[in-house]
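Participant:
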Amino acid sequence: MSQIDDVLGTLSADIDAVFLFAPSDALYEQLSEEVEAVVVVGAENGPGAERFVELPLDFTAIDDRIRFGIEGALENEFVTETDDVLCLGKTYADDLDTAVRVRAGEFTESGVYDLFVNSRAEPGVIRNVLEVAVELGKKGQKGKPVGALFVVGDAGKVMNKSRPLSYNPFEKSHVHVGDPIVNVMLKEFSRLDGAFVISDSGKIVSAYRYLEPSAEGVDIPKGLGARHMAAGAVTRDTNATAIVLSESDGLVRAFKGGELILELDPEEY
Ligand SMILES: Nc1ncnc2c1ncn2[C@@H]1O[C@H](COP(=O)(O)OP(=O)(O)OP(=O)(O)O)[C@@H](O)[C@H]1O
Ligand SMILES: [Mn+2]
Numbered sequence: 001m002s003q004i005d006d007v008l009g010t011l012s013a014d015i016d017a018v019f020l021f022a023p024s025d026a027l028y029e030q031l032s033e034e035v036e037a038v039v040v041v042g043a044e045n046g047p048g049a050e051r052f053v054e055l056p057l058d059f060t061a062i063d064d065r066i067r068f069g070i071e072g073a074l075e076n077e078f079v080t081e082t083d084d085v086l087c088l089g090k091t092y093a094d095d096l097d098t099a100v101r102v103r104a105g106e107f108t109e110s111g112v113y114d115l116f117v118n119s120r121a122e123p124g125v126i127r128n129v130l131e132v133a134v135e136l137g138k139k140g141q142k143g144k145p146v147g148a149l150f151v152v153g154d155a156g157k158v159m160n161k162s163r164p165l166s167y168n169p170f171e172k173s174h175v176h177v178g179d180p181i182v183n184v185m186l187k188e189f190s191r192l193d194g195a196f197v198i199s200d201s202g203k204i205v206s207a208y209r210y211l212e213p214s215a216e217g218v219d220i221p222k223g224l225g226a227r228h229m230a231a232g233a234v235t236r237d238t239n240a241t242a243i244v245l246s247e248s249d250g251l252v253r254a255f256k257g258g259e260l261i262l263e264l265d266p267e268e269y
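Numbering-wise, the sequence shown is residues 1 to 269 according to the UniProt record's numbering.
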């Protein structure tokens, strides 16, 4: 028993901060008395912590949650890269069951925190579009896999770097992502070619856009096709974020600044 305590003790020895991924108010209070920096990472700031990183989506894997929490904490200067951090969360149970020790600067930044917080578009808009893409990926269109490309933010510039493939069904409408009816429309129109263009505030500006950004110097993983190349390139040419559902491998990917930032499997959501 004492051997086990020793092993667990080394996890928490000389740590600079605790990250609570499953915060109870009582635990937060207790830890705050012992550790200088207690960072709460979650959908909500239950304990009202001073240091709080909001999770914009429910990452299934704990390592994705940890990565997001640490990138957020670094960005907010709650911790520094040389800090040793103890992450407490839940993986299998509803209660705390997982402890992970990590050096805050251990990860090469994935940009996932940046994707939500520092995109031109509002974080809620990015999340709503991701949700549509994930749902579309899960169900497909009438049971068949579909692909889709959403370009979010900096819409004026995106429109300038693209041309219409067909009439724009959103021409005179004032609809926003997140409205239930719009989600149905987006799914319906995803059968057709081209990209959706969405404004910073979530207004659907256009469907059926053929993107013509310059692809020079865009470095996306080999094996991805024209849709993904266009998605990567348009985010280098503009300040937009692109969210892509692949028809061929079923994954949802996000691009920003010409780079692939996030890759997730809709089936795991
Ligand atoms: N420049 C572009 N702008 C908008 N849409 C595009 C562009 N290029 C391709 N697409 C759309 O992507 C669809 C699939 O093209 P392609 O198979 O080459 O892409 P991909 O990256 O392999 O995507 P997927 O994994 O879904 O097959 C096209 O039918 C078209 O609707
Ligand atoms: Mn393809």
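For every residue, glycine included, the Cβ atom is placed at its ideal position computed from N, Cα and C. Note that the coordinates shown come from a computational prediction; the quantities given were computed from them, not determined experimentally.
Taking 8 Å as the cut-off, does the CB of residue 37 come closer than this to any heavy atom belonging to ligand 2?
Facilitator: no
Participant: Here's a check: name, in chain order, each residue in its chain whose Cβ is nearer than 7 Å to the Cβ of residue 28, leaving out the five neighbours to either side.
Facilitator: Within the same chain, and ignoring the five residues on either side of residue 28 in sequence, the residues whose Cβ sits closer than 7 Å to its Cβ are 20, 38, 40, 47 and 49.
Participant: Check whether the Cβ atoms of residue 85 and residue 15 lie closer than 9 Å to each other.
Facilitator: yes
Participant: Does the count of Cβ pairs from the stretch 103–113 and the stretch 177–184 closer than 8 Å reach three?
Facilitator: no
Participant: Helix or strand or just coil, what does DSSP make of residue 15?
Facilitator: coil
Participant: Kindly indicate the opening and closing residues of the beta strand (DSSP E) around residue 151.
Facilitator: 148–152
Participant: Using only alpha-carbon positions, find the residue among 134, 11 and 231 that is nearest to residue 220.
Facilitator: 231
Participant: Under 8 Å from any heavy atom of ligand 2, does the C-beta of residue 225 make it?
Facilitator: Taking 8 Å as the cut-off, the C-beta of residue 225 counts as close to a heavy atom of ligand 2.
Participant: Alpha carbon to alpha carbon, how far is residue 234 from residue 162? Give it in angstroms, no decimals.
Facilitator: 9 Å
Participant: Enumerate in chain order the residues of its own chain whose CB-to-CB distance from residue 178 is below 8 Å, with the five nearest sequence positions on each side excluded.
Facilitator: 124, 125, 128 and 202
Participant: Cutting at 8 Å between CB atoms, please list the residues of its own chain near residue 12, excluding the five before and the five after it.
Facilitator: 86, 99 and 101
Participant: Starting from residue 167 and walking both ways along the alpha helix (DSSP H), at which residues does that stretch end?
Facilitator: Element bounds for residue 167: n/a, residue is neither H nor E.
Participant: Report the option in 242, 23 and 266 whose CA atom is closest to the CA atom of residue 260.
Facilitator: 242
Participant: For residue 34, name the three-state secondary structure that DSSP assigns.
Facilitator: helix
Participant: Using the three-state DSSP reduction, which class does residue 136 fall into: helix, strand or coil?
Facilitator: It is helical.
Participant: Looking at residue 208 and residue 168, is the spacing between their C-beta atoms short of 9 Å?
Facilitator: yes
Participant: Could you tell me the boundaries of the beta strand (DSSP E) in which residue 103 lies?
Facilitator: 98–103
Participant: For residue 82, count the other beta carbons within 10 Å of its own beta carbon; 16 or more makes it buried, fewer makes it exposed. Which is it?
Facilitator: The residue in question, residue 82, is exposed, as its Cβ has fewer than 16 Cβ neighbours within 10 Å.
Participant: Are there three or more Cβ pairs, one per stretch, closer than 8 Å when the stretch 64–75 is compared with the stretch 131–144?
Facilitator: By the Cβ criterion, the stretch 64–75 is not in contact with the stretch 131–144, since fewer than three pairs of Cβ atoms, one from each stretch, lie closer than 8 Å.
Participant: Using a Cβ-Cβ cut-off of 6 Å (strictly less than) and excluding sequence neighbours within five positions of residue 196, which residues of its own chain qualify?
Facilitator: 150 and 207
Participant: Near residue 217, which residues of its chain fall below 8 Å by C-beta distance, leaving aside the five closest residues on each side in sequence?
Facilitator: 236 and 258
Participant: Taking all protein chains shown into account, do 16 or more other C-beta atoms lie within 10 angstroms of the C-beta of residue 51, making it buried, or fewer, making it exposed?
Facilitator: The Cβ neighbour count for residue 51, taken over all protein chains shown within 10 Å, is at least 16; the residue is labelled buried.
Participant: Are the CB atoms of residue 121 and residue 240 nearer to each other than 9 Å?
Facilitator: For residue 121 and residue 240, yes; Cβs fall inside 9 Å.
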